[in-house]
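*Asks:*
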Amino acid sequence: MATSRLPAPERLSLPEQVAQMVVVRASGHLFDHEIRYPAWEADSATLTRYVEELGVGGVILLGGSAAEVGLKTQALQAQARIPLLMAADVEEGVGQRFSGATWFPPPMALSAVADRNTTAALAYAEAFGAATAAEALAIGLNWVLAPVVDVNNNPANPVINVRAFGAGLERVSTLTQAFIRGAQTQPVLTAAKHFPGHGDTATDSHLDLPVLPHSRDRLHELELAPFRAAIAAGVDSIMTAHLQIPALDARLPATLSPATLTGLLRQELGFDGLIVTDALIMGAIANTYGPYEAAVLAVEAGADVLLMPGDPEGTIAAVIEAVNCGRIDPARITASVERLWRAKQKAAPALLPDGAGHAWEHLPPPPVNLAAVAQPATRQLAADILTASMTVQGQIVPSTAADPGHNIVVVDDAIGCRFLERTAAALTWPQRHHYHLKLVDTQGCQHWPQGEGEFSVEQNLRPSLVQIFVRGNPFRGSAQLLQLATAWLETLQSAQLLRGVIIYGSPYAMDQLQPYLKQVPHGFTYGQMPLAQSLILPTLLPEPLAMSDCQEFTD
Numbered sequence: 007m008a009t010s011r012l013p014a015p016e017r018l019s020l021p022e023q024v025a026q027m028v029v030v031r032a033s034g035h036l037f038d039h040e041i042r043y044p045a046w047e048a049d050s051a052t053l054t055r056y057v058e059e060l061g062v063g064g065v066i067l068l069g070g071s072a073a074e075v076g077l078k079t080q081a082l083q084a085q086a087r088i089p090l091l092m093a094a095d096v097e098e099g100v101g102q103r104f105s106g107a108t109w110f111p112p113p114m115a116l117s118a119v120a121d122r123n124t125t126a127a128l129a130y131a132e133a134f135g136a137a138t139a140a141e142a143l144a145i146g147l148n149w150v151l152a153p154v155v156d157v158n159n160n161p162a163n164p165v166i167n168v169r170a171f172g173a174g175l176e177r178v179s180t181l182t183q184a185f186i187r188g189a190q191t192q193p194v195l196t197a198a199k200h201f202p203g204h205g206d207t208a209t210d211s212h213l214d215l216p217v218l219p220h221s222r223d224r225l226h227e228l229e230l231a232p233f234r235a236a237i238a239a240g241v242d243s244i245m246t247a248h249l250q251i252p253a254l255d256a257r258l259p260a261t262l263s264p265a266t267l268t269g270l271l272r273q274e275l276g277f278d279g280l281i282v283t284d285a286l287i288m289g290a291i292a293n294t295y296g297p298y299e300a301a302v303l304a305v306e307a308g309a310d311v312l313l314m315p316g317d318p319e320g321t322i323a324a325v326i327e328a329v330n331c332g333r334i335d336p337a338r339i340t341a342s343v344e345r346l347w348r349a350k351q352k353a354a355p356a357l358l359p360d361g362a363g364h365a366w367e368h369l370p371p372p373p374v375n376l377a378a379v380a381q382p383a384t385r386q387l388a389a390d391i392l393t394a395s396m397t398v399q400g401q402i403v404p405s406t407a408a409d410p411g412h413n414i415v416v417v418d419d420a421i422g423c424r425f426l427e428r429t430a431a432a433l434t435w436p437q438r439h440h441y442h443l444k445l446v447d448t449q450g451c452q453h454w455p456q457g458e459g460e461f462s463v464e465q466n467l468r469p470s471l472v473q474i475f476v477r478g479n480p481f482r483g484s485a486q487l488l489q490l491a492t493a494w495l496e497t498l499q500s501a502q503l504l505r506g507v508i509i510y511g512s513p514y515a516m517d518q519l520q521p522y523l524k525q526v527p528h529g530f531t532y533g534q535m536p537l538a539q540s541l542i543l544p545t546l547l548p549e550p551l552a553m554s555d556c557q558e559f560t561d
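Numbering (our numbering), first residue to last: 7 to 561.
#1: What number of angstroms, rounded off, separates the C-alpha of Ile542 from the C-alpha of Glu344?
#2: Which complete beta strand (DSSP E) runs does the region 96–179 hold, if anything under 3 residues is left out?
#3: Where does Asp447 sit, in a helix, a strand or coil, going by DSSP?
#4: So Asp310 packs on Ile291, CB below 8 Å; how close in whole Å?
#5: Between which two residues does the alpha helix (DSSP H) carrying Leu490 extend?
#6: Between Pro382, Thr108, Lys199 and Ala162, which lies nearest to His248 when the distance is taken from Cα to Cα?
#7: Closest by CA to Gly289, which one among Thr266, Pro315 and Gln85?
#8: Could you say which of Ile88, Gln102 and Arg87 lies nearest to Ala94 if we only look at CA atoms?
#9: Using the Cα positions of Ile145 and Ala129, report the straight-line distance between them to the nearest angstrom.
#10: Hey, out of Ala377, Val168 and Gln486, whose CA is closest to Ser117's CA?
#11: CB of Met92 to nearest heavy atom of the ligand NAP: below 7 Å?
#12: Compute the distance between the beta-carbons of Thr340 and Gly308, then report whether it is under 8 Å.
#13: Quick check: the Cα distance between Ser221 and Asp210, rounded to an integer number of angstroms?
#14: Mapping the DSSP letters down to three states, classify Arg424 as helix, strand or coil.
#15: Express the C-alpha separation of Leu433 and Pro548 in angstroms, rounding to a whole number.
#16: Between the alpha carbons of Gly172 and Leu230, how many angstroms are there, rounded?
#17: From Thr52 to Val29, what does the alpha carbon distance come to, in whole angstroms?
#18: To which residues of the same chain is Pro15 closer than 7 Å at the C-beta, ignoring the five residues directly before and after it?
#19: Report the option in Gln489, Gly450, Thr448 and His442 whose CA atom is closest to the CA atom of Leu467.
#20: Using the three-state DSSP reduction, which class does Met516 fall into: helix, strand or coil?
#21: So what does DSSP say about Thr268, is it helix, strand or coil?
#22: Do you know whose CA, among Gly70, Gly63 and Pro13, lies nearest His35's CA?
#23: For Gly276, which option in Val302, Ala260, Ala300 and Ala238 has the closest C-alpha, if you only look at C-alpha atoms?
#24: Does the region 54–73 come close enough to the region 312–326 to have 3 or more Cβ pairs within less than 8 Å?
#25: For Leu3, which three-state DSSP category applies?
#26: Put Arg17 into one of helix, strand or coil per three-state DSSP.
#27: Pick helix, strand or coil for Pro548, following the three-state DSSP scheme.
#28: With DSSP as the reference, label Val379 as helix, strand or coil.
#29: Measuring CA to CA, which of Gly135, Val154 and Val398 is closest to Gln190?
#30: Taking Val75 as part of the beta strand (DSSP E), name the residues at either end of that continuous run.
#31: Ala81: which of Tyr43, Phe37, Val96 and Pro44 sits nearest, CA to CA?
#32: For my contact list, Leu495 and Tyr522 are in at a C-beta cut-off of 8 Å; report their separation, rounded to the angstrom.
#33: In whole angstroms, give me the CA-to-CA distance for Ser484 and Leu67.
#34: Along the chain, where does the beta strand (DSSP E) that runs through Lys199 open and close?
#35: If you follow the beta strand (DSSP E) that Asn293 is in, where does it begin and where does it stop?
#36: If you reduce the DSSP assignment to three classes, tell me which class Gly459 lands in.
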């Protein structure tokens, strides 16, 4: 393998060193007018300035298609003097964030598989890690911000939930190691999150600071164990949790705590990879500390990477000032850059052709390899995990053209819903069986077929299939959606018009809705994407009607 002549950290100026510790957020879309979160995502001109002038160390991308992201990562790497870490939260595969790539079910699906067959679950987890890493690399991503290794032992957890491998320590630890083994087949970085454990919380750290009241003994017995397993498996980075844990630090949250990051993670657990903060724009940190003090405290605590600061330029200036005034030792910065260099060396093979003796900054970015994205075998792997983890009880009776029923689809936000495009099976399959769409969401959106007029829970009831898309929902939770779903289920059940129920996403929601499922055919799948819909619906509804019976839908 070729080695690079990357400049030694001490040869960089202090501003260059600090900038390497910053990872900024950007849209995966190529055009500025398609940016979905302008308050968080830099436009093209600003992003170019961050990369070319400030010299930031990396970019985290969200949104767009896999092809767009491939072009964008190429362009950004070409602009950078020192190769960038290109990151994405792809806990459910690259297709979770970037259309066209493979979208896997959430990690907790593997725990359901393990309930039936542990060997199969471990094999799936390893293949899942390998496929995610391969598709990431194919579009220029070299830092997979996965796996989540939190033990989700609090069913009310709004922010981890099905993102975890499960609610049991041993299950989470073994599946974590399997995923990392798979990802290590490719030259990409992995990230275990959220240290020291975000599973037993009921507060959303996107909004506020959760408090974890457990003792150090309890933390070592449960929360910390999967991180020890990840470290033993060779995980490249560990992401912090925005949590207050008095047993570790009575004053500072984990992300900003020297006792937690340096004392516990570095010294006690022996981790020498990258420590990366969770997003610094999240309310748990930003509401109290602001963008600049939070960054300085995180570096003092031992963080190597400052992820998504609200003001990247101001953040760099704040850390530089902290060094210049003696608050931060320059050696603390150099140590982080040295770890970044080691991480970038691991991700370098894609940037370094065999025999290359040039410095990184003179090499062209790797080509996009869309042929490696969404291959049949990878999509089949996702389908196999979905099938192995779903549950189905009974079979739904079809409606008829003479006496059609309703397909009541309940979602959180119909407008921002990626998985209910016009061709999605949740819409088209029931229609072929004479269940006509009624779409409702918690934002007040209602969509009914032309001619039916206004519709409510109390009016115009017909025999109905209810499909509920619900999972842990950062920023909003799922209580309102469950209330809406419960209202429909109660009314239809009372009227004896509930033909069947399908729940997509959260097994905890299924547990809450269990009283309405006992007497009717029902199914559950961890996935919400069209692939999950197309797998579970045919198992609950009979085969499609003969085409002669479907003429009304052909115009």
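Yeah, the Cβ is synthetic: ideal placement off N, Cα and C, and Gly gets one too.
*Replies:* With the structure as the only source:
#1: Walking along the sequence shown from the start, residue 542 turns up at place 536. Walking along the sequence shown from the start, residue 344 turns up at place 338. Their Cα atoms are separated by approximately 49 Å.
#2: none
#3: On the sequence shown, residue 447 is found 441 positions in, with the first residue counted as 1. Three-state DSSP puts Asp447 in a strand.
#4: As a working note, residue 310 is residue 304 in the sequence shown. As a working note, residue 291 is residue 285 in the sequence shown. Not confirmed; about 17 Å, so no contact.
#5: For the purposes of this step, residue 490 is taken as the residue at position 484 of the sequence shown. It spans Ala485 to Ser500 - the alpha helix (DSSP H) in which Leu490 sits, taken as one unbroken run.
#6: Translated into positions along the sequence shown, residue 248 becomes position 242. The candidate whose alpha carbon is nearest that of His248 is Lys199.
#7: Against the sequence shown, residue 289 aligns to sequence position 283. Of the listed residues, the one whose Cα sits closest to Gly289 is Pro315.
#8: One-based indexing of the sequence shown puts residue 94 at position 88. The option with the nearest alpha carbon to Ala94 is Gln102.
#9: Counted from its first residue, the sequence shown places residue 145 at position 139. Counted from its first residue, the sequence shown places residue 129 at position 123. Distance between the alpha carbons of Ile145 and Ala129 is about 25 Å.
#10: As a working mapping, residue 117 is identified with position 111 in the sequence shown. When only C-alpha atoms are compared, the closest one is Val168.
#11: Questions concerning the ligand NAP fall outside what the structure shown contains, since it holds no ligand whatsoever.
#12: Counted from its first residue, the sequence shown places residue 340 at position 334. Counted from its first residue, the sequence shown places residue 308 at position 302. No.
#13: The residue given as residue 221 occupies position 215 in the sequence shown. The residue given as residue 210 occupies position 204 in the sequence shown. Computed Cα separation, rounded: 21 Å.
#14: Here the question's residue 424 lines up with position 418 in the sequence shown. Here Arg424 sits in coil by DSSP.
#15: Taking the sequence shown and counting its residues from 1, one reaches residue 548 at position 542. Taking the sequence shown and counting its residues from 1, one reaches residue 433 at position 427. Cα to Cα, the separation comes out at about 16 Å.
#16: Locating residue 172 in the sequence shown gives position 166, where the first residue counts as 1. Locating residue 230 in the sequence shown gives position 224, where the first residue counts as 1. Each residue's Cα considered, the two are about 15 Å apart.
#17: Residue numbering aside, residue 52 sits at position 46 when the sequence shown is read from its first letter. Residue numbering aside, residue 29 sits at position 23 when the sequence shown is read from its first letter. Those two C-alpha atoms are separated by around 14 Å.
#18: Here residue 15 refers to the residue found at position 9 of the sequence shown. The residues are Gln23, Thr340, Val343, Glu344 and Trp347.
#19: Counted from its first residue, the sequence shown places residue 467 at position 461. The candidate whose alpha carbon is nearest that of Leu467 is His442.
#20: The residue labelled residue 516 in the question sits at position 510 within the sequence shown. Of the three classes helix, strand and coil, the one that applies to Met516 here is helix, per DSSP.
#21: Counted from its first residue, the sequence shown places residue 268 at position 262. Of the three classes helix, strand and coil, the one that applies to Thr268 here is helix, per DSSP.
#22: Here residue 35 corresponds to residue number 29 of the sequence shown, with the count starting at 1. Ranking the options by Cα distance to His35, first place goes to Gly70.
#23: Working through the sequence shown from its first residue, we reach residue 276 at position 270. Answer by Cα proximity: Ala238.
#24: yes
#25: This structure leaves residue 3 out entirely; the chain is present only between 7 and 561.
#26: In the sequence shown, residue 17 corresponds to position 11, counting from 1. Helix.
#27: In the sequence shown, counting from the first residue as 1, residue 548 sits at position 542. Coil at Pro548, not helix or strand.
#28: Counting from one through the sequence shown, the residue named residue 379 turns up at place 373. Three-state result, Val379: coil.
#29: As a working mapping, residue 190 is identified with position 184 in the sequence shown. With distances taken between Cα atoms, Gln190 lies closest to Gly135.
#30: For this step, residue 75 is matched to residue 69 along the sequence shown. Looking at the DSSP string, Val75 is not in any beta strand (DSSP E); the run it does join, the alpha helix (DSSP H), is Ala72 to Gln85.
#31: For the purposes of this step, residue 81 is taken as residue 75 along the sequence shown, with counting starting at 1. It is Phe37.
#32: The residue you call residue 495 lines up with position 489 of the sequence shown. The residue you call residue 522 lines up with position 516 of the sequence shown. Yes, they are in contact, since the Cβ atoms of Leu495 and Tyr522 sit about 4 Å apart, within 8 Å.
#33: Stepping through the sequence shown from its first residue, residue 484 is reached at position 478. Stepping through the sequence shown from its first residue, residue 67 is reached at position 61. When rounded, the distance between both Cα atoms is 26 Å.
#34: Residue 199 sits at position 193 when you count from the first residue of the sequence shown. Element bounds for Lys199: Leu195 to Phe201.
#35: Translated into the one-based positions of the sequence shown, residue 293 becomes position 287. Run containing Asn293: none in the beta strand (DSSP E); it sits in the alpha helix (DSSP H), Gly289 to Ala307.
#36: Within the sequence shown, the letter at position 453 stands for residue 459. Any reading at Gly459 is ruled out, since the residue's pLDDT is 49, under 50, leaving its predicted position unreliable.
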